[in-house]
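Written below as structure tokens is the structure these notes are about.
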Amino acid sequence: MRSHLLNDTTAEQYRRSVTEGVERVAARIATTDRPFTGVTVDALAPRIDGIDLDRPLHDTAAVLDELEDVYLRDAVYFHHPRYLAHLNCPVVIPAVLGEAVLSAVNSSLDTWDQSAGGTLIERKLIDWTTARIGLGPAADGVFTSGGTQSNLQALLLAREEAKTDNLADLRVFASEVSHFSVKKSAKLLGLGPDAVVSVPVDHDKRMQTVALARELERCAKDGLVPMAVVATGGTTDFGSIDPLPEIAGLCEQYGVWMHVDAAYGCGLLASLKYRDRIDGIERADSVTVDYHKSFFQPVSSSAVLVRDAATLRHATYHAEYLNPRRMVQERIPNQVDKSLQTTRRFDALKLWMTLRVMGADGIGALFDEVCDLAAEAWRLLAADPRFDVVVEPSLSTLVFRHIPAAVTDPAEIDRANLYARKALFASGDAVVAGTKVAGRHYLKFTLLNPETTTADIAAVLDLIAGHAEQYLGDSLDRAS
Numbered sequence: 052m053r054s055h056l057l058n059d060t061t062a063e064q065y066r067r068s069v070t071e072g073v074e075r076v077a078a079r080i081a082t083t084d085r086p087f088t089g090v091t092v093d094a095l096a097p098r099i100d101g102i103d104l105d106r107p108l109h110d111t112a113a114v115l116d117e118l119e120d121v122y123l124r125d126a127v128y129f130h131h132p133r134y135l136a137h138l139n140c141p142v143v144i145p146a147v148l149g150e151a152v153l154s155a156v157n158s159s160l161d162t163w164d165q166s167a168g169g170t171l172i173e174r175k176l177i178d179w180t181t182a183r184i185g186l187g188p189a190a191d192g193v194f195t196s197g198g199t200q201s202n203l204q205a206l207l208l209a210r211e212e213a214k215t216d217n218l219a220d221l222r223v224f225a226s227e228v229s230h231f232s233v234k235k236s237a238k239l240l241g242l243g244p245d246a247v248v249s250v251p252v253d254h255d256k257r258m259q260t261v262a263l264a265r266e267l268e269r270c271a272k273d274g275l276v277p278m279a280v281v282a283t284g285g286t287t288d289f290g291s292i293d294p295l296p297e298i299a300g301l302c303e304q305y306g307v308w309m310h311v312d313a314a315y316g317c318g319l320l321a322s323l324k325y326r327d328r329i330d331g332i333e334r335a336d337s338v339t340v341d342y343h344k345s346f347f348q349p350v351s352s353s354a355v356l357v358r359d360a361a362t363l364r365h366a367t368y369h370a371e372y373l374n375p376r377r378m379v380q381e382r383i384p385n386q387v388d389k390s391l392q393t394t395r396r397f398d399a400l401k402l403w404m405t406l407r408v409m410g411a412d413g414i415g416a417l418f419d420e421v422c423d424l425a426a427e428a429w430r431l432l433a434a435d436p437r438f439d440v441v442v443e444p445s446l447s448t449l450v451f452r453h454i455p456a457a458v459t460d461p462a463e464i465d466r467a468n469l470y471a472r473k474a475l476f477a478s479g480d481a482v483v484a485g486t487k488v489a490g491r492h493y494l495k496f497t498l499l500n501p502e503t504t505t506a507d508i509a510a511v512l513d514l515i516a517g518h519a520e521q522y523l524g525d526s527l528d529r530a531s
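With my numbering applied, the sequence shown covers 52 to 531.
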């Protein structure tokens with residue numbers, strides 16, 4: 052079995068195996084004509100359940116044939132222009148090359164003696180990102196697994212900086228459309244069930260600063276401790292961007308940690324046209340960025356950034372077998388000193404390769420394209436009497452629903468939209484997401500593919516309307 056270990060004697064076998072795998076994936080991507088096959092759980096599960104993992108095939112080609120059957124053929128392909136659902140982007144080739152390199156070398160980014168140059172590359176990218184944000188010379192950060200982990204670490208730092216032993220008194224303020232990880236983080240951090248205060252949003256789904264000021268004042272009057280305000284730079288449902296300068300002013304007035312969850316909107320940091328939409332982010336104490344959303348990177352590639360590097364000490368623990376305290380005096384850079392994780396992939400390499408091949412302007416131009424596409428799609432929806440669209444996009448998300456001409460019952464309209472989404476997914480012709488607005492069911496486009504066109508959008512809207520009308524017609528037939 053040593054013949055399967057990657058080393059100097061098996062380098063040629065590694066080349067052949069990886070090339071064969073790459074050729075299979077390339078062939079699949081080149082011939083994929085829709086984002087999904089429509090396979091069901093009931094159809095796919097028996098194929099996977101029937102595989103005996105204790106009986107290996109001992110042949111790479113045979114395993115790839117099997118993988119074609121259980122995964123590649125029925126995968127959901129984000130590169131297809133009619134995948135319009137979640138915050139999943141098509142990936143750029145330099146990043147995929149980086150993925151291949153980092154997986155083979157398998158550096159662990161927790162300590163210098165496991166990564167060497169990998170540590171310095173990650174640190175350089177952190178400095179590059181904090182400079183793009185404008186956090187100042189004392190800024191720092193670390194790569195994470197994603198926005199949820201980044202938000203958790205930011206709120207951990209905010210909790211410690213609040214300097215109170217009574218966790219029940221701590222309050223976190225976030226808009227009513229903020230990411231669920233804010234509440235999840237509060238629970239993981241041991242805060243009380245009422246710790247997260249939901250702040251109303253305006254018509255554009257942006258946090259109302261008047262309401263935030265009112266809640267901060269109430270917190271002070273009640274003798275509670277305002278721990279953090281979480282402003283969102285691109286909400287998951289609407290792509291809305293909270294009024295960051297005004298929120299920063301309130302945080303400064305009340306002495307509250309300001310965190311900006313820019314997991315989605317971080318693409319604006321490279322934008323050539325829309326960078327001003329995220330102005331005010333430079334005043335944050337901490338920022339979440341997800342390169343695997345709007346920098347076109349493979350999952351995972353994320354980071355948490357802080358204005359003051361010293362605050363990262365709240366995540367620091369020393370172990371003699373890994374990162375003893377003496378290494379700090381010896382100026383040995385161990386990233387585990389900043390991270391919630393210990394063993395950690397060299398995910399930074401993907402972004403490094405992307406910047407070195409494409410440049411930041413190349414990334415920004417792609418993100419600008421999807422923002423422009425969303426603006427065009429909004430105009431299509433706003434002019435189409437078959438649909439109700441909720442808000443004009445700030446980024447690349449559109450929330451809407453089909454409104455049948457002959458139906459007025461909101462519950463029946465809900466069911467028609469739910470059916471349309473399910474039927475569309477089952478057909479494999481397109482993939483869209485769903486959400487609720489004011490208790491009603493809506494559909495959602497998250498546009499992150501520059502290859503998607505307005506013709507694709509128009510075609511998918513026709514498919515949605517067709518499925519919804521089919522459901523309503525069948526419903527009338529059943530009732531008659």
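Every residue, glycine too, gets a C-beta built ideally from N, C-alpha and C.
- Answer yes or no: do VAL250 and LEU242 have a C-beta to C-beta separation smaller than 8 Å? no
- Item | In DSSP terms, what THR448 is bridged to | THR497
- With GLU71 and THR111 assumed to form a contact (beta carbons below 8 Å), what rounded beta-carbon distance in angstroms separates them? 6 Å
- Task: List the DSSP bridge partners of LYS487.
- Result: HIS492
- Query: Between the C-alpha atoms of THR215 and ASP336, what's the straight-line distance to the nearest angstrom?
  - Reply: 19 Å
- Roughly how many angstroms separate the alpha carbons of ILE414 and MET52, rounded to a whole number? 43 Å
- Buried or exposed: where does ALA425 fall if 16 or more other Cβ atoms within 10 Å of its Cβ makes it buried? buried
- Going by C-alpha distance, which of GLY524, THR287, VAL69, GLU371 is nearest SER154? VAL69
- Query: Going by the CB atoms, is the gap between LEU400 and ILE172 shorter than 8 Å?
  - Reply: yes
- Message: Given this structure, state the Cα-to-Cα distance separating ASP439 from LYS389, to the nearest angstrom.
- Response: 46 Å
- What is the DSSP secondary structure of VAL482, counted as helix, strand or coil? strand
- Item | Local conformation of SER201 per DSSP, three classes | helix
- Between VAL193 and GLN204, what straight-line distance do the alpha-carbon atoms span, to the nearest angstrom? 10 Å
- Message: DSSP three-state label for THR339, please.
- Response: strand
- Item | Opening and closing residue of the alpha helix (DSSP H) in which VAL147 lies | 144-156
- Using the DSSP secondary-structure output, state which residues sit across from ALA313 in a beta bridge. VAL340
- Separation of ARG67 from ALA151, as counted between CA atoms: 14 Å
- Express the C-alpha separation of LEU320 and ALA477 in angstroms, rounding to a whole number. 37 Å
- Cβ neighbours of THR486 in the same chain (closer than 7 Å, five flanking residues each side left out): ASP288, VAL450, TYR493, LYS495
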